[in-house]
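> Residues are numbered in the working numbering as their position in the sequence shown, beginning at 1, plus a constant of 75. So that we are looking at the same thing, I have put the structure below in structure tokens.
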Amino acid sequence: MSDPDLLAALVPVLEALGNLGVRHFVGGSIASSAHGVARASVDADVVAELGPAHVAPLIAALRETYYVPEERIRDAVARRASFNVIHLDTMLKVDVFVSRDRPFDRRAFERSLPASIEGTGGATLPVSSAEDVVLAKLEWYRRGGEVSDRQWTDVQGVLRATAGALDLPYLRRGAAELGVGDLLHRALEEADLAGG
Numbered sequence: 076m077s078d079p080d081l082l083a084a085l086v087p088v089l090e091a092l093g094n095l096g097v098r099h100f101v102g103g104s105i106a107s108s109a110h111g112v113a114r115a116s117v118d119a120d121v122v123a124e125l126g127p128a129h130v131a132p133l134i135a136a137l138r139e140t141y142y143v144p145e146e147r148i149r150d151a152v153a154r155r156a157s158f159n160v161i162h163l164d165t166m167l168k169v170d171v172f173v174s175r176d177r178p179f180d181r182r183a184f185e186r187s188l189p190a191s192i193e194g195t196g197g198a199t200l201p202v203s204s205a206e207d208v209v210l211a212k213l214e215w216y217r218r219g220g221e222v223s224d225r226q227w228t229d230v231q232g233v234l235r236a237t238a239g240a241l242d243l244p245y246l247r248r249g250a251a252e253l254g255v256g257d258l259l260h261r262a263l264e265e266a267d268l269a270g271g
């Protein structure tokens, strides 16, 4: 990902979360791209361990340069759901997914890795591991009725680009836990990795 506008929208949100001591990582298509599957994106996905005490300072940190829907943020944090903020200079959206604090979610934070992203002047951003990108996208694919070609294509791309380095036992355990074991099996077969 080297889109300067997308970085301009994303980086201040990450900085605000970091300044509040909130664990976070980048997921979605930016994470897919970091693992070797370039795809244009018009928004950014961030997963964050936000709690009620973080809401007011996060709003204060972002309100000058973002459209910040205060009530939606409060509601999303209370329900462990998602909200978005819109960067006013670029009109690009940053989707923030509040961690649901499941075992999978906690492991994803532990496994996220710093990745060097083109266009950040050598800075690194915390990015979801390849395995957790696959698992999260499979879960979204299932929740969306298994019709999103974009999610499925991203899964295939990450599996193929990182095939030699994938932790397949971790993937299989995580898929079973999330109820997407059948989808993972199908994805691995399509990527010619089912025997691994």
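Where is the CB? At the ideal position from N, CA and C, for every residue including glycine.
Mind listing, in chain order, the continuous beta strand (DSSP E) runs of no fewer than 3 residues lying wholly within the segment 193 to 268?
Runs found: 199 to 202.
> What's the C-alpha gap between M76 and H99?
Low confidence applies here, because M76 scores a pLDDT of 44, under 50, leaving its location unreliable and the question unanswered by this model.
> Identify the continuous alpha helix (DSSP H) that holds P87 and give its terminal residues.
P79 to N94 is the extent of the alpha helix (DSSP H) around P87.
> Please state whether DSSP places F133 in a helix, a strand or coil.
Checking the sequence, you will find Leu at residue 133 rather than Phe. If DSSP states are grouped into helix, strand and coil, L133 belongs with the helices.
> Thinking C-alpha only, which one of V202, D170 and D180 is nearest H110?
Checking every option, the nearest Cα to that of H110 belongs to V202.
> Would you decide whether L259 is buried or exposed? Buried here means 16 or more other CB atoms lie within 10 Å of its CB.
Result: buried.
> Does the distance from the CB of V143 to the CB of S157 come in under 8 Å?
Cβ distance not < 8 Å, so V143 and S157 don't count as in contact.
> Can you tell me where the alpha helix (DSSP H) holding V152 begins and where it ends?
E145 to R154 is the span of the alpha helix (DSSP H), which, as asked, contains V152.
> How many Å lie between R147 and S107 at the Cα?
Looking at the two C-alpha atoms, the distance is approximately 27 Å.
> According to DSSP, simplified to helix, strand and coil, what is G102?
Looking at G102 - three-state DSSP - the assignment turns out to be strand.
> Grouping DSSP H, G and I as helix and E and B as strand, with all else coil, what is D180?
Reduced to three states, the DSSP call for D180 is helix.
> May I ask you to report which of helix, strand or coil DSSP gives S108?
Helix.
> Nearest to D180 by CA position, among L253, D78 and I105, is which residue?
It is L253.
> Out of R177, D118, G256 and R155, point me to the one whose CA is closest to M166's CA.
Among R177, D118, G256 and R155, the Cα nearest to that of M166 belongs to D118.
> Taking Cβ positions only, does A236 come closer than 8 Å to chain C?
In the structure shown, chain C does not exist; there is a single protein chain.
> Excluding sequence positions up to five away, which residues of its chain have a Cβ less than 7 Å from the Cβ of A236?
Within the same chain, A236 has close Cβ partners H110, G111 and V112.
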